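Okay, so the sequence shown: first residue is 564 according to our numbering, each after it adds one.
Here a beta-carbon is modelled for each residue, glycine too, at the ideal position from N, C-alpha and C.
Predicted model, so just to flag it, every value in this text is computed and none were measured.
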Amino acid sequence: MNAASDVPSTSNPRGFKILSGTANRPLAEEVARALGAELCKVTCTRFADGEVFVRIDENIRGADVFVV
Numbered sequence: 564m565n566a567a568s569d570v571p572s573t574s575n576p577r578g579f580k581i582l583s584g585t586a587n588r589p590l591a592e593e594v595a596r597a598l599g600a601e602l603c604k605v606t607c608t609r610f611a612d613g614e615v616f617v618r619i620d621e622n623i624r625g626a627d628v629f630v631v
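Structure (structure tokens):
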């Protein structure tokens, strides 16, 4: 059993969002589900030298955003 299943799902009255990179998308999805939050829509591009470019594909102005 994982910890997120022990947390009751709630609505997200404050409008915060969860931003996930490429490291652990399943964890971010689980956190978002448990908190009743949305995952931000992002585009991740990895360059040949290993650098990662992340573009946030939605308006997050005024929202509290947490990076997982």
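Host alpha helix (DSSP H) of residue i (start-end)
i	result
residue 594	588–598
Residue i, enclosing beta strand (DSSP E) - first and last residue
i	result
residue 580	580–582
residue 619	615–619
residue 629	628–630
residue 609	605–609
Alpha-carbon to alpha-carbon, residue j and residue i
i	j	result
residue 627	residue 580	6 angstroms
residue 605	residue 631	13 angstroms
residue 618	residue 588	16 angstroms
residue 629	residue 622	14 angstroms
residue 607	residue 620	10 angstroms
Expected contact under 8 angstroms - CB spacing of residue i and residue j to nearest Å
i	j	result
residue 591	residue 602	6 angstroms
Given residue i as reference, the closest of the options once Cα atoms are compared
i	options	result
residue 586	609, 598 and 578	609
Below-9 angstroms beta-carbon distance, residue i vs any chain D residue
i	result
residue 623	Considering every chain present, this structure includes no chain D. It has just one protein chain.
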